[in-house]
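These notes concern the structure reproduced below.
Numbering (my numbering), first residue to last: 1 to 149.
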């Protein structure tokens, strides 16, 4: 991929995601997917909770327009879609932390096992010595998924 193609793709993705946000905001208000001000949140009015959904839509758009091979694309989109769904349901219905954590862990394990996608090494961060993670890599990957969510 050359630089012009990459820049064109990034601009297209940005525009798609931005347009999607405006469409999703209206839908979010209709279905009650909004953040209401309370003692912790000082914003004014109802704020639509569509950031994660919009980013996911942008990622799907990226995968759709990419004319090159993306490893594990279907697995990634399916697992990310489930995470987005859990996040949206949590935003709407306040799912317990335990249920969310179990769902996120299960999705992370599916990604790691089905796609063999996990951190196995942190590379040569200490000079000539490679920091190999071994089985600890699975736990570090799981922690990274939780931290991101």
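We put the beta carbon where it would ideally sit given N, CA and C, even for glycine.
Quick caveat, the model's predicted, so the values are computed rather than measured.
Nearest-angstrom Cα separation, counted from residue 24 out to residue 151 = In the structure as shown, the chain starts at 1 and stops at 149, and residue 151 therefore has no counterpart that could be examined.
task = Locate the alpha helix (DSSP H) running through residue 146, then write down its first and last residues.
result = Counting from one through the chain shown, the residue named residue 146 turns up at place 146. If you look at residue 146, you'll find it in the alpha helix (DSSP H) that goes 136 to 148.
key: The alpha helix (DSSP H) enclosing residue 75, as first and last residue numbers   = Indexing the chain shown from 1 puts residue 75 at position 75. 73 to 93 is the span of the alpha helix (DSSP H), which, as asked, contains residue 75.
query = residue 48 bridges to which residues according to DSSP?
reply = Locating residue 48 in the chain shown gives position 48, counting from the first residue. According to DSSP, which records beta bridges pairwise, residue 48 is partnered with 34.
Segment limits, alpha helix (DSSP H) that includes residue 114 = Taking the first residue of the chain shown as 1, we reach residue 114 at position 114. Here the alpha helix (DSSP H) through residue 114 covers 97 to 115.
key: Whole-Å CB distance - residue 143 paired with residue 118, under 8 angstroms assumed   = Numbered from 1 along the chain shown, position 143 holds the residue referred to as residue 143. Numbered from 1 along the chain shown, position 118 holds the residue referred to as residue 118. Their Cβ separation, rounded to whole angstroms, is 11 angstroms, which puts residue 143 and residue 118 out of contact at 8 angstroms.
task = Kindly indicate which three-state DSSP category residue 121 falls into: helix, strand or coil?
result = The residue given as residue 121 occupies position 121 in the chain shown. In this structure, residue 121 counts as strand in the three-state DSSP scheme.
task = Pull up the CB-CB distance for residue 49 and residue 91, whole angstroms please, since I reckon it's below 8 angstroms.
result = For the purposes of this step, residue 49 is taken as residue 49 along the chain shown, with counting starting at 1. For the purposes of this step, residue 91 is taken as residue 91 along the chain shown, with counting starting at 1. Their Cβ separation, rounded to whole angstroms, is 4 angstroms, which keeps residue 49 and residue 91 in contact under 8 angstroms.
message = Check whether the segment 72 to 81 and the segment 108 to 126 touch, using three or more Cβ-Cβ pairs below 8 angstroms as the test.
response = A contact exists between the segment 72 to 81 and the segment 108 to 126.
key: Same chain, Cβ closer than 7 angstroms to residue 130, five either side skipped, listed in chain order   = Within the chain shown, numbered from 1, the residue matching residue 130 stands at position 130. Answer for residue 130: 121, 123 and 124, listed in chain order.
message = So, under 8 angstroms CB-CB, residue 61 and residue 21 are touching, yes? Tell me the CB distance rounded to an integer number of Å.
response = Taking the first residue of the chain shown as position 1, residue 61 is located at position 61. Taking the first residue of the chain shown as position 1, residue 21 is located at position 21. Under the criterion of beta carbons closer than 8 angstroms, residue 61 and residue 21 do not qualify as touching, at roughly 13 angstroms.
ask   = Can you tell me the Cα-Cα spacing of residue 34 and residue 28, whole angstroms?
value = Reading the chain shown from its first residue, position 34 is the one you call residue 34. Reading the chain shown from its first residue, position 28 is the one you call residue 28. So the alpha carbons of these two residues sit roughly 6 angstroms apart.
query = Just the Cα atoms here: how many angstroms apart are residue 96 and residue 4?
reply = Within the chain shown, the letter at position 96 stands for residue 96. Within the chain shown, the letter at position 4 stands for residue 4. Their Cα atoms are separated by approximately 45 angstroms.
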